[in-house]
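Single-structure report; data block below.
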Amino acid sequence: MTTWLPTLGLVLAGALALPLQAQPVADKPVRIVVPFAAGGPTDVVARVLAPRLAAGLKRTVIVENRVGATGAIGAAYVAKSAPDGDTLLLGTSSIMAANPNLTASLPFDPVGDFTPISLVATVENILVVHPSVPVKSVKELVAYAKANPGKLSYASSGVGSTYHLGAEMFRSMTGIEWTHVPYKGAAPAIQDVLAGHVPVMFDNASSAIQNMKAGRVRALGVASLRRYPSLPELPTIAEEGLPGYETTIWIALFVPSKTPAAQVQLLNREVQAAVNSAEYKDRLQGLDMQPRVSSPQELADYLKSDLAKWARVVKDAGIKPE
98 MTTWLPTLGL VLAGALALPL QAQPVADKPV RIVVPFAAGG PTDVVARVLA
148 PRLAAGLKRT VIVENRVGAT GAIGAAYVAK SAPDGDTLLL GTSSIMAANP
198 NLTASLPFDP VGDFTPISLV ATVENILVVH PSVPVKSVKE LVAYAKANPG
248 KLSYASSGVG STYHLGAEMF RSMTGIEWTH VPYKGAAPAI QDVLAGHVPV
298 MFDNASSAIQ NMKAGRVRAL GVASLRRYPS LPELPTIAEE GLPGYETTIW
348 IALFVPSKTP AAQVQLLNRE VQAAVNSAEY KDRLQGLDMQ PRVSSPQELA
398 DYLKSDLAKW ARVVKDAGIK PE
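Just so we're aligned, residue 98 is where the sequence shown starts under my numbering, counting upward by one.
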């Protein structure tokens with residue numbers, strides 16, 4: 098833990114007797130801790146954000162990867178760091194909202210151990226089917242599944258993944274029956290969908306759009322509350338009869354709890370400026386990610402809402418925390 102403590106001698110001690118609370122040190126770098134390996138989507142966001150945040154803060158900002166336990170190691174590290182605003186977690190909806198409902202014992206509390214700063218990006222999921230499936234809309238898919246109970250299966254990147262939970266929420270809201278086929282990662286899952294071995298998948302926008310344009314899948318709906326900017330003709334799943342349906346993957350910055358309010362507001366202001374910069378927007382949109390900001394309270398509310406949503410889905414799906 099680093100605290101600012103004047104040590105200029107007895108003569109100046111009385112004049113410099115300040116409250117002993119965690120404060121940032123100007124020549125100390127700000128660290129954005131990414132709980133995933135370098136090169137992944139979250140890491141890319143951090144490295145696009147860092148130089149723009151550094152310009153606003155007028156301080157060095159570095160990215161530090163602390164990998165392991167599906168993000169828990171990095172999150173726990175930040176939770177236990179000094180609450181001085183110098184160590185930030187670039188968390189995701191999976192780490193902060195889904196995993197707490199899937200893990201029996203986490204080394205951190207997503208609400209109690211952190212103070213939210215701001216959203217920085219979202220990644221939309223798109224419901225896709227192999228072209229052999231005789232449906233062209235979400236409504237037609239639901240009707241087909243109900244007319245052929247148990248015939249459809251869907252691929253996911255693994256048990257407890259956003260794709261899995263999103264499909265289970267879809268099942269719960271529509272009353273259809275389909276079979277989960279989990280894979281060890283999104284890449285092998287979508288490969289089997291492209292090959293026609295598994296007919297349905299919720300895929301990330303970048304992959305889905307690429308395969309849709311190549312005619313290898315058919316997109317039925319966006320799993321968010323807003324239409325996807327580059328696919329304005331594609332309806333949201335919510336518009337297709339499932340009000341409130343959303344499985345948006347969000348990426349956001351958090352600091353340890355008890356970080357001074359002034360530091361939280363400073364970071365929020367500079368993060369918003371960085372995310373709203375033309376350079377940041379262009380880079381993220383080129384990766385089929387959406388730049389997005391929020392107030393600390395908006396992010397806190399979003400997190401609590403997602404925690405409650407995934408708790409319901411996990412319970413309804415009969416998934417046992419491990």
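Note that CB positions come from ideal geometry on N, CA and C, so glycine has one too.
Values in this document were obtained by computation on a predicted structure and should not be read as measured data.
Just the Cα atoms here: how many angstroms apart are proline 197 and phenylalanine 267?
Numbered from its first residue, the sequence shown carries residue 197 at position 100. Numbered from its first residue, the sequence shown carries residue 267 at position 170. Counting only the Cα atoms, phenylalanine 267 lies some 21 Å from proline 197.
Contacts around methionine 193, its chain only, beta-carbon distance under 7 Å, and the 5 residues preceding and following it disregarded
Against the sequence shown, residue 193 aligns to sequence position 96. For methionine 193, where only same-chain residues beyond five positions count, the Cβ hits under 7 Å are Pro207 and Leu400.
CA-CA distance, threonine 212 and alanine 302?
Counted from its first residue, the sequence shown places residue 212 at position 115. Counted from its first residue, the sequence shown places residue 302 at position 205. Whole-angstrom Cα-Cα distance: 29 Å.
Could you tell me whether the region 212-232 touches the region 384-394, where touching means 3 or more Cβ pairs closer than 8 Å?
Here the region 212-232 makes contact with the region 384-394; the two share three or more CB pairs at distances below 8 Å.
Could you tell me how far apart the beta carbons of valine 175 and valine 131 are, in whole angstroms, since I believe they sit closer than 8 Å?
Residue numbering aside, residue 175 sits at position 78 when the sequence shown is read from its first letter. Residue numbering aside, residue 131 sits at position 34 when the sequence shown is read from its first letter. The pair is not a contact, with the Cβ atoms about 10 Å apart (cut-off 8 Å).
Verify whether the separation of the beta carbon atoms of alanine 283 and serine 254 is less than 8 Å.
To locate residue 283, count along the sequence shown from 1; it is residue 186. To locate residue 254, count along the sequence shown from 1; it is residue 157. Yes.
Sort Ile273, Val164, Ala147 and Leu224 by Cα distance to arginine 156 and report the nearest one.
For the purposes of this step, residue 156 is taken as residue 59 along the sequence shown, with counting starting at 1. For the residues Ile273, Val164, Ala147 and Leu224, the minimum Cα distance to arginine 156 belongs to Ala147.
Start-end ranges of the alpha helix (DSSP H) lying completely within the region 126-158, minimum 4 residues
Segments of the alpha helix (DSSP H) lying fully in the region 126-158: 138-154.
Rounded to the nearest angstrom, what separates glycine 312 and histidine 227 at their Cα positions?
To locate residue 312, count along the sequence shown from 1; it is residue 215. To locate residue 227, count along the sequence shown from 1; it is residue 130. Going by the C-alpha atoms only, they are around 9 Å apart.
Opposing strand residues paired with histidine 277 [DSSP bridges]:
The sequence position of residue 277 within the sequence shown is 180, counting from 1. Tyr251, per the DSSP bridge assignment.
Three-state secondary structure (DSSP) at arginine 409?
Numbered from 1 along the sequence shown, position 312 holds the residue referred to as residue 409. Note: arginine 409 maps to helix in three-state DSSP.
Name the two residues that bound the continuous beta strand (DSSP E) containing valine 226.
The residue labelled residue 226 in the question sits at position 129 within the sequence shown. For valine 226, the enclosing beta strand (DSSP E) begins and ends at 222-226.
Where methionine 386 sits in the DSSP three-state scheme
Taking the sequence shown and counting its residues from 1, the one referred to as residue 386 is at position 289. Residue state for methionine 386 is assigned as coil, using DSSP reduced to three classes.
In three-state DSSP terms, what is threonine 188?
Stepping through the sequence shown from its first residue, residue 188 is reached at position 91. Looking at the sequence shown, residue 188 is not threonine but glycine. The answer is strand: DSSP assigns glycine 188 an E or B state.
Using the rule of at least 16 other Cβ atoms within 10 Å of the residue's Cβ for burial, across every protein chain shown, is histidine 261 buried or exposed?
Reading the sequence shown from its first residue, position 164 is the one you call residue 261. Classification of histidine 261: buried, given that the 10 Å Cβ count is 16 or more.
Determine the burial state of alanine 335: buried for a count of at least 16 other Cβ atoms within 10 Å of its Cβ, exposed for fewer.
Here residue 335 is taken as the residue at index 238 of the sequence shown, counted from 1. It is buried - the Cβ of alanine 335 has at least 16 other Cβ atoms within 10 Å.
Shorter than 7 Å, the distance from the beta carbon of aspartate 398 to the closest heavy atom of the ligand NAD, or not?
Looking for the ligand NAD in the displayed structure turns up nothing, as the structure carries no ligands at all.
From the DSSP output, in three-state form, read off isoleucine 416 for me.
On the sequence shown, position 319 is the one that residue 416 refers to. It is coil, neither helix nor strand.
For a quick check, are the C-beta atoms of alanine 143 and isoleucine 129 less than 8 Å apart?
Mapped onto the sequence shown, residue 143 falls at position 46. Mapped onto the sequence shown, residue 129 falls at position 32. Isoleucine 129 sits close to alanine 143, with the two beta carbons spaced by under 8 Å.
Cβ-based neighbour list, valine 314, same chain, cut-off 6 Å, excluding 5 preceding and 5 following:
Sequence index remark: in the sequence shown, residue 314 carries index 217 (1-based). Cβ neighbours of valine 314 beyond the five flanking positions: Val225 and Asn308.
Local Cβ density within 10 Å of aspartate 124, reported as buried at 16 or more and exposed below that:
Within the sequence shown, the letter at position 27 stands for residue 124. Aspartate 124 comes out exposed.
Per-residue burial, alanine 405 [other beta carbons within 10 Å of its own, 16 or more giving buried]
On the sequence shown, position 308 is the one that residue 405 refers to. Alanine 405 is exposed by the Cβ-count criterion.
Determine the contact status of valine 295 and alanine 252, defining contact as a CB-CB distance below 8 Å.
Against the sequence shown, residue 295 aligns to sequence position 198. Against the sequence shown, residue 252 aligns to sequence position 155. Taking 8 Å as the Cβ cut-off, valine 295 and alanine 252 qualify as a contacting pair.
Out of curiosity, what's the CA-to-CA distance linking valine 319 and serine 304?
In the sequence shown, residue 319 corresponds to position 222, counting from 1. In the sequence shown, residue 304 corresponds to position 207, counting from 1. Note on geometry: alpha-carbon atoms of valine 319 and serine 304 lie some 13 Å from one another.
Alpha carbon of proline 285 to alpha carbon of glutamine 362, nearest angstrom
Here residue 285 is taken as the residue at index 188 of the sequence shown, counted from 1. Here residue 362 is taken as the residue at index 265 of the sequence shown, counted from 1. Going by C-alpha positions, proline 285 is about 42 Å away from glutamine 362.
Whole angstroms are fine: how far does the CA of lysine 281 sit from the CA of glutamine 288?
Along the sequence shown, read from residue 1 onward, the residue named residue 288 stands at position 191. Along the sequence shown, read from residue 1 onward, the residue named residue 281 stands at position 184. Whole-angstrom Cα-Cα distance: 12 Å.
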